[in-house]
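Engineer: Counted the way the numbering used here counts, the sequence shown spans residues 1368 to 1762.
Idealized CB from N, CA, C, for every residue including glycine.
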Amino acid sequence: MRFRLTDEQQDFGRSLDALLTAADTPAAIRSWGAGDPGRGLALWARLAEAGVFALAVPQAYEGAGAGSVEVAVALTELGRHGVPGPAVETVAASALLTELARRGEADPAERLLPGIASGETVTTLAIPASTASATSTPSPGAGGTSGTSGTTPGTPSARLRAGAASGTPPPRPGAGGTSASPAPRGFGPRPGRGEAVDSTAYALDADVAGLTLVVAGDELRIARGHGPVRVSADPARRFARPGGGELLAAGPAVVAAAEHAARWAMLATAAQSLGVGLTLLDRTVAYAKQRTQFGTAIGSFQAVKHRLADTLIGLEFARPLLFGAALTFESTDLAAAKVGAGEAAYAAARTALQIHGAVGYTEELDLSLWLRKARPLRDAWGTPSRCRALVLGAS
């Protein structure tokens, strides 16, 4: 497959890069992780003005009616700059509501999508792991025209020229200095009255979001409150188990829409991972050029050059997987993109830490903000083993 992004798509990516470069994203990340989302929400407002949250929303619901390629472009930039918040979950929630409308349940989309598109409603989504992992069975509308949505994954309005859950519980406790308590490994606390029954159905940033959608079985609800806030390896990824609330829809359409949303989440997470890996590599190359040892820059050492080159190759191999999956929107391609980008970003984190040495472990170095994102993103919305199983199962 040979293709390149259109001029419009490249310009969009550059405009987001310029917007985020001018912002103090490290300060926003640190504040978000400490439970003060003010800086991050101000940044989200600027992204909303740029149309980021309208991309996955059809024009019929006051969105941009773009497509999966534009979403991949945007989320890559958000990953590069480490923007905190439930961006992936916002994309997935938009896809879920759109798919529900396509299947005849239009009321939730008419009610909620305009607020998501405008950025007025910060939105997150909780889907049980059992549902999120069911992406090996294609749902109607995935990869084709989405009926009332006006969105065709893989064939966005700005087309390509010819030429791939947060539902996963936090993997390990986060560092100190945050008001959130660490999440247990491998399991969550027993649900209390009014809380979701499935212990894997955590929602990212439920304490910040103005709208938390919860899928439980064949029901879609708006959460009413949430449990204790917990952190993952990345303090800026704050999880809580949402409580029960208003029923929006029920039945097979909800299950199919949730599986469809999980595909979008896989794509968006892969894009974020790629962006995180690119920043880790860029910062490490810059450090290797200015750090000297024995009177010469360490970047001139052959061992360092080889390690950086291997990291670059991994990231560049992940890039076509990502945009190929955005084109086809098939489950196997999405899984390949997710594992490819996730593993490449994780390898970039290991390279960055090794080349920076002891300074790489320090909280004060901004590099740590991206180092902590690589591992959680690798496992979110499809672990490497699950994604590999999807790819191998189709071969």
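Using CA coordinates, which residue listed in T1373, A1620, L1386 is at the minimum distance from E1586?
Structural biologist: Of the candidates T1373, A1620, L1386, the one whose C-alpha sits nearest the C-alpha of E1586 is A1620.
Engineer: Smallest Cα separation from V1598: which of L1578, L1580, A1570?
Structural biologist: For the residues L1578, L1580, A1570, the minimum Cα distance to V1598 belongs to A1570.
Engineer: Can you give the Cα-Cα distance for A1389 and A1702, rounded to whole angstroms?
Structural biologist: Each residue's Cα considered, the two are about 34 Å apart.
Engineer: Go through the stretch 1562-1616 residue by residue and report every complete run of the alpha helix (DSSP H) that reaches 4 residues or more, in order.
Structural biologist: Correct list: empty.
Engineer: Using 10 angstroms around the beta-carbon of K1705, count the other beta-carbons present and answer buried if the total reaches 16, otherwise exposed.
Structural biologist: Buried, since its Cβ has 16 or more Cβ neighbours within 10 Å.
Engineer: Determine the DSSP secondary structure at L1734, reduced to helix, strand or coil.
Structural biologist: DSSP places L1734 in helix when its eight states are reduced to three.
Engineer: Check whether the Cβ atoms of Q1639 and G1446 sit closer than 8 Å, and answer yes or no.
Structural biologist: The answer is yes: Cβ separation under 8 Å.
Engineer: What number of angstroms, rounded off, separates the C-alpha of L1648 from the C-alpha of A1623?
Structural biologist: Each residue's Cα considered, the two are about 38 Å apart.
Engineer: Taking three-plus beta-carbon pairs below 8 Å as touching, is the stretch 1477-1485 in contact with the stretch 1424-1432?
Structural biologist: Result yes; three or more Cβ-Cβ pairs closer than 8 Å.
Engineer: Quick one: grab the DSSP three-state call for T1490.
Structural biologist: Reduced to three states, the DSSP call for T1490 is strand.
Engineer: From P1451, L1442, G1418, pick the residue whose C-alpha is nearest to that of P1481; which is it?
Structural biologist: Taking only the C-alpha atoms, the option nearest P1481 is G1418.
Engineer: Helix, strand or coil: how does DSSP classify R1371 here?
Structural biologist: Strand.
Engineer: Taking the alpha-carbon of G1709 as reference, which of G1405, L1578, G1644, F1668 has the nearest alpha-carbon?
Structural biologist: Comparing Cα positions, the closest option is G1644.
Engineer: Helix, strand or coil: which one does DSSP assign to A1433?
Structural biologist: In this structure, A1433 counts as coil in the three-state DSSP scheme.
Engineer: Using a threshold of 8 Å, state whether the C-beta atoms of A1628 and A1454 are closer than that.
Structural biologist: It is not a contact, given that the beta carbons lie outside the stated cut-off.
Engineer: Leaving aside the five residues before and after C1754 along the sequence, list all residues of the same chain whose C-beta is less than 6 Å from its C-beta, in chain order.
Structural biologist: The answer, listed in chain order, is A1702, K1705, V1706.
Engineer: Relative to the C-alpha of G1452, which residue among L1463, G1380, E1466, D1574 is closest?
Structural biologist: Nearest option by C-alpha distance: D1574.
Engineer: Taking buried to mean at least 16 other C-beta atoms within 10 Å of its own C-beta, is E1477 buried or exposed?
Structural biologist: Exposed, by the Cβ-count rule.
Engineer: For K1763, which residues in the same chain have their Cβ closer than 6 Å to its Cβ, ignoring the five residues on either side in sequence?
Structural biologist: Examination of residue 1763 is not possible in this model, given that the chain is present from 1368 through 1762 alone.
Engineer: Determine the direct distance from the alpha carbon of L1414 to that of A1529, and round the result to whole angstroms.
Structural biologist: In this predicted model, A1529 has a pLDDT of only 31, less than 50, meaning its place in the structure is not dependable enough to derive any value.
Engineer: Find out if the Cβ-Cβ distance for the pair R1591, L1614 is shorter than 8 Å.
Structural biologist: No, they are not a contact pair.
Engineer: Work out the CA separation of A1603 and F1684 for me, nearest whole Å.
Structural biologist: In a straight line, the C-alpha of F1684 is about 28 Å away from that of A1603.
Engineer: What do you get for A1394, buried or exposed, if any count of 16 or more other CB atoms within 10 angstroms of its CB means buried?
Structural biologist: A1394 should be labelled exposed.
Engineer: Under 8 Å between the Cβ atoms of T1659 and A1719?
Structural biologist: No; because the gap between Cβ atoms is not below 8 Å, this pair is not in contact.
Engineer: With DSSP as the reference, please indicate the residues paired to T1663 in a beta bridge.
Structural biologist: BP columns for T1663 point to Q1660.
Engineer: Could you check the C-alpha separation between D1677 and A1714 for me, to the nearest Å?
Structural biologist: One C-alpha to the other measures close to 9 Å.
Engineer: Check for me: the alpha helix (DSSP H) holding R1406 runs from which residue to which?
Structural biologist: It spans 1405-1416 - the alpha helix (DSSP H) in which R1406 sits, taken as one unbroken run.
Engineer: Tell me the residue span of the alpha helix (DSSP H) that contains W1399.
Structural biologist: Run containing W1399: 1392-1400, per the alpha helix (DSSP H) assignment.
Engineer: Mapping DSSP to helix, strand and coil, what is A1473?
Structural biologist: Note: A1473 maps to coil in three-state DSSP.
Engineer: Between which two residues does the alpha helix (DSSP H) harbouring T1678 extend?
Structural biologist: Segment 1669-1695, the alpha helix (DSSP H) holding T1678.
Engineer: Find the nearest neighbour of G1594 within the set A1607, E1731, T1699, T1392, judged by alpha-carbon distance.
Structural biologist: Closest option to G1594, Cα to Cα, is A1607.
Engineer: If you check the beta carbons only, do A1433 and A1693 fall under 8 Å apart?
Structural biologist: Result no, Cβ atoms of A1433 and A1693 do not sit closer than 8 Å.
Engineer: Give the range of the alpha helix (DSSP H) segment to which H1723 is assigned.
Structural biologist: Start and end: 1698-1723.
Engineer: By the 10 Å Cβ neighbour count, where 16 or more other Cβ atoms means buried, how is V1726 classified, buried or exposed?
Structural biologist: Exposed, because fewer than 16 other Cβ atoms sit within 10 Å of the Cβ of V1726.
Engineer: Mind reading off the beta-carbon distance from A1655 to I1722? Whole number of angstroms is fine, and I expect it under 8 Å.
Structural biologist: About 6 Å; that satisfies the 8 Å criterion.
Engineer: What's the C-alpha gap between G1471 and R1630?
Structural biologist: One C-alpha to the other measures close to 20 Å.
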